[in-house]
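*Asks:*
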Amino acid sequence: MNWPLHGSNPKYLYESLDVLKPGHVLDFSVNLNPFGPPPAIKEHWGSWLDHIVDYPDPKGERLVELIAAKERLSNDAVLLGNGGAELFTLLGQLLAKQKIIIVQPTFTEYEKICRANGCIVSFFQLSEESGWTQDTDLLLEQIKEADALFLCHPNNPTGTAYPQSVLLEILAACQEHDCFFIVDEAFEDFLEERRTLAFCVKEYSRLIVVRSLTKMYAIAGLRLGFLLASPEVVARLRSFQPYWAVNSLALLAGECCLQEEGYARKTRRWVAKERLRIHEALRSMGYILSASQVNFYLLKDPLLADQLPLLTFLLAKGIVPRHTMNYPGLDGRWLRFGVRQAKENDVLLEALGKWKQH
Ligand SMILES: Cc1ncc(COP(=O)(O)O)c(C=O)c1O
């Protein structure tokens with residue numbers, strides 16, 4: 001089977017399973033802000049047209065300044081990217097041929113870029129039994145032999161997060177053993193209790209924090225992310241990057257989004273409440289869920305070893321989950337769903353209720 005590598009673009013999932021795609025689908029395989037981009041983006045969009053004629057600012061200076069001020073870092077500790085995805089590609093080049101640990105199941109791009117750059121990859125496998133947040137003693141041992149550690153936090157696809165104290169313990173071990181600690185915080189701004197490590201970047205030269213603006217601000221089609229690290233690391237990564245990596249519209253949208261903290265705060269609160277509502281309903285139907293703290297979650301029907309029949313049932317109804325066939329340790333035994341707007345989540349609840357009765 002030729003499974004799509006990521007969520008979104010549902011037509012590829014329909015094609016690989018040979019299920020007829022209904023005219024209207026609800027895509028739960030994406031994990032973006034369910035309310036879309038902040039209204040300010042729409043308001044300014046027309047006036048941004050003039051900017052597509054010229055080349056973008058190669059340094060993205062205004063946006064970099066905004067980020068640096070927000071994170072209390074110097075401008076040279078910030079690197080913009082064409083989405084977090086591009087920044088991972090640059091990191092792969094930085095880490096070429098080195099020894100890498102990836103905490104998994106997780107976002108599959110880390111492994112892909114490491115393999116493409118000849119890295120020696122090993123894994124710290126999170127277990128379902130521990131709720132994907134097990135003790136990290138063994139990981140701390142592994143760090144001693146590694147050049148870099150990738151941790152997605154909060155983790156995609158489980159939605160789970162470690163307490164801040166655990167993150168700081170891992171960070172200290174990485175610094176001590178000269179191992180880069182690459183923390184992907186693409187979904188950190190969906191955590192009600194924030195847990196970014198950005199404030200440690202100044203003190204810890206081995207820390208690299210990667211952020212995405214495409215999730216909270218629903219601008220995935222525009223592509224925008226940034227990375228926080230020591231000025232030396234930023235300079236090395238920049239040397240691998242195309243000169244105009246981030247386009248003018250993404251730069252303008254980024255400036256606009258970062259001034260919409262209220263929008264992010266409201267979304268964060270709403271998603272947390274809505275996730276609780278959905279989870280209560282699903283648990284009462286007999287489904288098992290990951291203890292997600294963000295805007296997506298894993299679900300399984302415990303009566304099925306492999307969730308393929310449920311996946312096919314939902315696709316036929318125009319409801320698109322994210323399959324988990326390419327997450328080692330999940331292997332199709334779970335499905336991932338994004339938290340969408342309430343009415344859309346109700347459609348999902350109804351379909352999952354029907355599945356239980358069929
Ligand atoms: C965990 C995680 N990190 C990073 C990314 C990349 O985000 P983007 O390139 O849209 O900024 C994704 C995209 O799905 C993701 O799930």
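Read left to right, the sequence shown gives residues 1 to 358 (the UniProt record's numbering).
Virtual Cβ for every residue (Gly too), placed ideally from N, Cα, C.
Predicted model only: the values in this text are computed from it and were never measured.
1) For Val347, report the span of its beta strand (DSSP E) as first-last.
2) Three or more beta-carbon pairs under 8 Å between the stretch 197 to 208 and the stretch 101 to 108, yes or no?
3) From the DSSP output, which residues share a beta bridge with Tyr297?
4) Keeping to the same chain, check which residues put their C-beta closer than 7 Å to that of Glu274; ignore five residues upstream and five downstream.
5) So Arg206 and Phe226 are in contact, right, with Cβ under 8 Å, and what is the actual spacing, rounded?
6) Using a 10 Å radius around the Cβ and a threshold of 16 neighbouring Cβ atoms, would you call His153 buried or exposed?
7) Closer than 7 Å to a non-hydrogen atom of ligand 1 - does that hold for the CB of Thr324?
8) Closest to Leu352 by CA distance: which of Met325, Gly332, Lys300, Thr324 is it?
9) Is Gly84 near ligand 1, with its Cβ less than 7 Å from a heavy atom?
10) Could you check where the beta strand (DSSP E) with Ser212 kicks off and where it finishes?
11) Quick one: what's Leu227 bridged to in DSSP?
12) By how many angstroms is the C-alpha of Arg336 removed from the C-alpha of Ser16?
13) Do you know whose CA, among Thr158, Ala146, Ala116, Lys266, lies nearest Thr133's CA?
14) Write down the C-beta distance between Ala235 and Gly36 rounded to the nearest angstrom, noting that I regard them as a contact closer than 8 Å.
15) What span of residues does the alpha helix (DSSP H) with Leu310 cover, start to end?
16) Does the stretch 177 to 197 come into contact with the stretch 141 to 155, if we say contact requires no fewer than three beta-carbon pairs (one atom in each stretch) closer than 8 Å?
17) Tell me where the beta strand (DSSP E) around Asp184 begins and ends.
18) Round the Cβ separation of Ile319 and Val294 to the nearest angstrom and send it over; I've been treating them as touching at under 8 Å.
19) Is it buried or exposed for Met285, if we count other Cβ within 10 angstroms and need 16 for buried?
*Replies:* According to the data block:
1) If you number the sequence shown from 1, residue 347 lands on position 347. Per DSSP, Val347 belongs to no beta strand (DSSP E); it is in the alpha helix (DSSP H), 342 to 357.
2) no
3) Along the sequence shown, one-based indexing puts residue 297 at 297. As a beta-bridge residue in DSSP terms, Tyr297 pairs with Phe337.
4) Position 274 of the sequence shown, counted from the first residue, corresponds to residue 274. Taken in chain order, the residues that qualify are Val339, Ala342, Asn345.
5) Within the sequence shown, numbered from 1, the residue matching residue 206 stands at position 206. Within the sequence shown, numbered from 1, the residue matching residue 226 stands at position 226. Not quite, the Cβ-Cβ distance comes to about 19 Å (not below 8 Å), so this is no contact.
6) Locating residue 153 in the sequence shown gives position 153, where the first residue counts as 1. Buried, by the Cβ-count rule.
7) One-based indexing of the sequence shown puts residue 324 at position 324. Thr324 Cβ: outside cutoff for every heavy atom of ligand 1.
8) One-based indexing of the sequence shown puts residue 352 at position 352. Closest in alpha carbon position to Leu352, among Met325, Gly332, Lys300, Thr324, is Lys300.
9) Here the question's residue 84 lines up with position 84 in the sequence shown. At least one heavy atom of ligand 1 is nearer than 7 Å to the Cβ of Gly84, so yes.
10) Stepping through the sequence shown from its first residue, residue 212 is reached at position 212. Run containing Ser212: 207 to 212, per the beta strand (DSSP E) assignment.
11) Taking the first residue of the sequence shown as position 1, residue 227 is located at position 227. In the DSSP output, where bridge partners are listed per residue, Leu227 has Leu79, Val210.
12) In the sequence shown, the residue the question calls residue 16 occupies position 16. In the sequence shown, the residue the question calls residue 336 occupies position 336. Rounded to whole angstroms, Ser16 to Arg336 spans 18 Å at the Cα level.
13) In the sequence shown, the residue the question calls residue 133 occupies position 133. That would be Thr158, whose Cα lies nearest to the Cα of Thr133.
14) On the sequence shown, residue 235 is found 235 positions in, with the first residue counted as 1. On the sequence shown, residue 36 is found 36 positions in, with the first residue counted as 1. At roughly 36 Å, the Cβ-Cβ gap does not stay under 8 Å, so Ala235 and Gly36 are not in contact.
15) As a working note, residue 310 is residue 310 in the sequence shown. Leu310: member of the alpha helix (DSSP H) spanning 308 to 316, first to last residue.
16) yes
17) The residue given as residue 184 occupies position 184 in the sequence shown. Counting along the chain, the beta strand (DSSP E) containing Asp184 begins and ends at 180 to 184.
18) Against the sequence shown, residue 319 aligns to sequence position 319. Against the sequence shown, residue 294 aligns to sequence position 294. Not really, about 20 Å apart at Cβ, beyond 8 Å.
19) To locate residue 285, count along the sequence shown from 1; it is residue 285. Looking at its Cβ environment, which holds fewer than 16 other Cβ atoms inside 10 Å, Met285 is exposed.
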